[in-house]
Amino acid sequence: MEAFFLPVEHADGARLCIHHPPAGALPARGAVLYLPPFAEEMNKSRRMVAMQSRALAAQGYAVLCIDLHGCGDSSGELADASWQGWIEDALAAARWLQARHPGLPLWLWGLRTGALLAGAAAAALGPGCGLLLWQPVIAGKQALQQFLRLQAAADLIEGKQQGATAALKQQLAQGQAVDVAGYRLPPAVALGLEAATLQPLESTASLRWLEVTSRAEPALTPASALALDKWRAAGVPVHAAAVRGPAFWQTVEIEDAPALIDATLAAMATAGAPQAEQRA
0 MEAFFLPVEH ADGARLCIHH PPAGALPARG AVLYLPPFAE EMNKSRRMVA MQSRALAAQG
60 YAVLCIDLHG CGDSSGELAD ASWQGWIEDA LAAARWLQAR HPGLPLWLWG LRTGALLAGA
120 AAAALGPGCG LLLWQPVIAG KQALQQFLRL QAAADLIEGK QQGATAALKQ QLAQGQAVDV
180 AGYRLPPAVA LGLEAATLQP LESTASLRWL EVTSRAEPAL TPASALALDK WRAAGVPVHA
240 AAVRGPAFWQ TVEIEDAPAL IDATLAAMAT AGAPQAEQRA
């Protein structure tokens with residue numbers, strides 16, 4: 000494992016990256032770029048991401064994890080970040096990974112809102128990318144609404160007025176940053192997230208869609224099943240599964256979902272090189 004700062008051209012400073020090279024004893028199978036979720040979900044997920052990264056590296060994958068502009072240990076403040084800038088961060092990291100491991104199939108691995116970034120980056124990179132999505136957010140508008148409700152709930156506890164969510168959205172629409180759960184959210188991030196959707200890309204080489212649930216008999220959500228039908232209709236090879244485990248990205252205590260790690264390795268083992276996978 001190696002840590003380094005990736006210089007970027009579109010914003011001041013550099014982005015912290017963690018690179019897990021493929022295990023030396025196995026033939027290299029692919030290169031995987033991890034794109035994190037937003038705000039506290041990123042912090043809650045770090046342990047699971049590190050565990051999965053090491054597991055993928057042991058199976059012959061090169062894995063690169065990046066802290067986006069204004070997040071984690073990367074340069075800048077969240078208040079200065081933008082959704083488009085985060086997409087540019089993803090593209091810069093993907094190009095570094097491709098240059099470091101030329102010829103390997105590229106996978107974009109997104110968790111929650113990171114799936115929206117992965118979809119946008121895949122569209123920009125063109126044909127040949129595979130997508131590995133964990134608990135993907137399909138509509139950024141819903142994710143933004145849920146995030147703003149955190150502040151609305153805090154305001155109600157403190158006895159402040161109702162309608163806080165609408166007031167926050169109005170501030171953002173007027174070009175003003177808002178404070179939510181300890182984060183200074185700028186309009187350039189919020190409005191970009193709100194407009195983002197996870198749409199089927201015919202150029203996607205392969206899709207791996209994995210979810211966790213607390214149900215005794217794990218199953219994909221109806222919304223996910225409907226979305227996956229659209230990806231299949233677009234001719235994209237799809238492997239989808241749900242496993243039992245905690246919602247580790249939002250639990251109070253840091254939790255593990257070992258079944259998700261195993262399911263991810265199994266899904267990637269059936270993928271091979273995305274370009275060579277037969278389309279449905």
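Counting with numbering that gives the first Met the number 0, you get residues 0 to 279 for the letters of the sequence shown. The C-beta atom is built at its ideal place from N, Cα and C for all residues, glycine as well.
Contact check for residue 219 against residue 262 fails: the beta carbons are separated by 7 Å or more. At the C-beta level, residue 105 and residue 27 stay beyond 7 Å of one another. Excluding its 5 nearest sequence neighbours in each direction, residue 56 has C-beta neighbours in its own chain below 7 Å: 19, 20, 21, 22 and 62, listed in chain order.
With contacts defined by Cβ atoms closer than 7 Å, residue 114 and residue 136 form a contacting pair. Per DSSP, reduced to three states, the secondary structure at residue 136 is coil, with no helix or strand assignment. Residue 116 is classed as buried because its beta carbon has at least 16 other beta carbons within 10 Å across all chains shown.
One alpha carbon belongs to residue 257, the other to residue 174, and they sit about 42 Å apart. In this structure, DSSP gives residue 178 an extended state, which the three-state scheme calls strand. Annotated three-state conformation of residue 220 is coil, per DSSP. Just measuring C-alpha positions, the residue of 163, 201, 170 and 3 sitting nearest residue 150 is 163.
For the pair of segments examined, the stretch 87-99 was found not to touch the stretch 184-203: the number of CB pairs separated by less than 8 Å stays below three.
Between residue 217 and residue 243, the CB-CB gap stays under 7 Å.
The alpha carbon of residue 225 has as its nearest neighbour, out of 121, 205, 270 and 197, the alpha carbon of 197. The shortest CA-to-CA distance from residue 239 to any of 247, 205 and 36 is the one to 205. As a beta-bridge residue in DSSP terms, residue 205 pairs with 129. Between residue 84 and residue 189, the beta carbon gap of about 13 Å keeps them out of contact (Cβ cut-off 8 Å). Beta-carbon to beta-carbon, residue 80 and residue 69 are separated by about 4 Å, close enough to satisfy the 8 Å threshold.
Out of 96, 145 and 121, the CA that lies nearest to the CA of residue 40 is found in 145. The closest CA to that of residue 37, considering only 170, 193 and 221, is found on 193.
Of the other Cβ atoms in all chains shown, fewer than 16 fall within 10 Å of the Cβ of residue 3; this residue is therefore exposed.
Within the stretch 225-276, the beta strand (DSSP E) runs of at least 3 residues that lie entirely inside it are, in chain order, 237-243. 7 Å or more divides the Cβ of residue 86 from the Cβ of residue 138. In its chain, beyond the 5 residues on either side, 18 have a beta carbon closer than 7 Å to the beta carbon of residue 1. Proximity to residue 108 across 65, 143, 43 and 72 peaks at 65, based on C-alpha coordinates.
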